[in-house]
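Take a look at the structure below.
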Amino acid sequence: MATVISFANQKGGVGKTTTAINIAASLATIKKRVLLIDIDSQGNAGTGLGFVRASHKQSVYGVLLGTATITENILTTAIPNLHLLPASAKLAGAELDMLDLENREYRLRDAIKTIENNYDYILIDCPPALGMLTINALSASDYVIIPLQCEFFALEGVQQLLSTITAIQQKWNPKLDILGMVLTMYDKKLGLTKAVEDDVRETFGNKVFQTVVPRNVRISEAPSYGKPVLFHDFKSSGAQAYLRVATEVVNALEQKGIK
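Here you go:
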């Protein structure tokens with residue numbers, strides 16, 4: 172049975188999609204069967220894996236609305252062991268489209284249940300908002316990983332997300348837990364970066380992964396080539412950082428008895 176992990180932060184531009192793509196690719200390279208689900212209408216997870224939105228009809232949208240099955244919307248990527256359930260622009264209106272649906276908070280969870288034995292990990296890239304799509308993702312998840320950009324307002328945004336996670340635990344998914352927080356866009360030359368890191372680690376302790384992801388040009392370039400940075404420049408500091416983060420993810424799950 173798959174372990175389901177959402178990548179969430181209502182603040183945009185924090186490296187959420189990049190983190191989801193690269194952890195998915197890292198897990199696939201160690202021969203884990205991985206499905207990456209993109210429920211952000213921008214569809215950047217698909218782009219980052221080499222898919223042009225206009226070139227395929229598959230989308231998580233119909234799965235959420237109940238007009239299509241999850242199996243018929245999963246794409247095989249160029250990376251062995253990694254599959255993608257892509258987004259579509261229609262997701263921008265999904266909040267309204269799902270308004271009158273029965274069990275609307277569990278649409279994604281119920282779809283995942285039909286294929287969870289096909290994968291070791293199912294990763295969900297959430298939109299930068301705390302609406303119905305993110306609620307669906309967190310209601311379907313065992314864990315959440317929170318990417319944090321090393322900037323002044325990092326903690327302010329996290330507090331709102333933590334309140335949402337608590338509400339979801341109380342209303343829809345009591346098993347949901349925070350697996351960890353990953354510091355992204357880390358620039359050791361900036362004094363603010365270290366100050367933010369110290370503040371985050373003091374506040375959240377061992378919930379913060381030890382590995383930090385640096386600002387790295389290879390990470391920024393990789394999506395334009397339709398590749399995770401691991402396959403764009405394996406030796407780059409960005410690729411090596413995400414490999415270490417993936418190792419921490421696996422180790423954290425093993426400590427919880429999940430292999």
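So my numbering is basically just the index in the sequence shown, starting at one, shifted up by 171.
Even glycine gets a Cβ: it sits at the ideal position worked out from N, Cα and C.
Residue(s) in a DSSP beta bridge with residue i
i: Gln320; result: Thr355
i: Thr247; result: His254
i: Thr174; result: Tyr292
i: Leu207; result: Leu255, Leu294
i: Tyr314; result: Ile176, Asp348
i: Val493; result: Any question about residue 493 goes unanswered here, given that the chain covers just 172 to 430.
i: Pro385; result: Tyr357
i: Val379; result: Met352
Rounded straight-line distance, which links the Cα of residue j to that of residue i
i: Thr305; j: Lys406; result: 34 angstroms
i: Asp313; j: Tyr292; result: 11 angstroms
i: Ala260; j: Val367; result: 35 angstroms
i: Thr174; j: Asn344; result: 14 angstroms
i: Ile201; j: Ala195; result: 10 angstroms
i: Gln426; j: His227; result: 39 angstroms
i: Val145; j: Leu361; result: Nothing about residue 145 can be read from this structure; the chain reaches only from 172 to 430.
i: Ser408; j: Leu270; result: 44 angstroms
i: Lys203; j: Asp404; result: 21 angstroms
i: Leu363; j: Cys321; result: 8 angstroms
i: Thr238; j: Thr285; result: 15 angstroms
i: Asp431; j: Gln381; result: As displayed, the chain neither begins before 172 nor continues past 430, which places residue 431 out of reach and without an answer.
i: Gly428; j: Thr418; result: 15 angstroms
i: Val223; j: Met303; result: 26 angstroms
i: Gln181; j: Ser334; result: 12 angstroms
i: Ala258; j: Arg372; result: 34 angstroms
i: Lys342; j: Gly221; result: 37 angstroms
i: Val205; j: Val400; result: 17 angstroms
i: Val388; j: Val185; result: 15 angstroms
i: Asn215; j: Tyr277; result: 24 angstroms
i: Asp358; j: Ile192; result: 21 angstroms
i: Arg275; j: Thr337; result: 19 angstroms
i: Leu272; j: Met172; result: 27 angstroms
i: Ile390; j: Glu327; result: 26 angstroms
Span of the alpha helix (DSSP H) around residue i
i: Ser310; result: 303-311
i: Val185; result: Looking at the DSSP string, Val185 is not in any alpha helix (DSSP H), and its letter there is neither H nor E.
i: Gly221; result: Premise fails: Gly221 is in no alpha helix (DSSP H) and is neither H nor E.
i: Tyr232; result: 231-236
i: Arg275; result: Segment: none, Arg275 is in no alpha helix (DSSP H) and carries neither H nor E.
i: Asp268; result: 265-268
i: Ala325; result: 325-342
i: Leu401; result: 400-403
Selected residue, minimal CA-CA separation from residue i, among the options
i: Leu301; options: Asp313, Ser177, Glu287; result: Ser177
i: Ala265; options: Leu236, Val400, Gln331; result: Leu236
i: Asp281; options: Asp271, Ala308, Thr418; result: Ala308
i: Phe375; options: Val388, Val329, Leu414, Thr364; result: Val329
i: Asp209; options: Leu272, Pro299, Glu276, Asn288; result: Pro299
i: Gly351; options: Leu319, Thr218, Ile283; result: Leu319
i: Glu287; options: Glu273, Arg275, Ile241, Leu401; result: Ile241
i: Ala263; options: Ala410, Gln213, Ala179, Leu424; result: Gln213
i: Asn252; options: Lys365, Ser391, Leu207, Asp358; result: Leu207
Residue i vs residue j beta-carbon contact at 9 angstroms
i: Gln229; j: Ile245; result: yes
i: Val420; j: Leu198; result: yes
i: Tyr290; j: His254; result: yes
i: Leu279; j: Ala325; result: no
i: Val353; j: Ile317; result: yes
i: Ala412; j: Val379; result: no
i: Cys297; j: Lys430; result: no
i: Gly219; j: Lys398; result: yes
i: Leu332; j: Gln340; result: no
i: Val416; j: Thr248; result: no
i: Met356; j: Pro394; result: no
i: Ile349; j: Val315; result: yes
Terminal residues of the beta strand (DSSP E) in which residue i lies
i: Thr240; result: First-last for Thr240: undefined, no H or E at that position.
is_contact[residue i, chain D] using C-beta, thresh 9 angstroms
i: Thr382; result: The chain labelled as chain D is not found in the depicted structure, where only one protein chain is given.
beta-carbon residue i near the ligand SAH non-hydrogen atom, thresh 8 angstroms
i: Pro318; result: Although the ligand SAH was asked about, the structure shown includes no ligands whatsoever.
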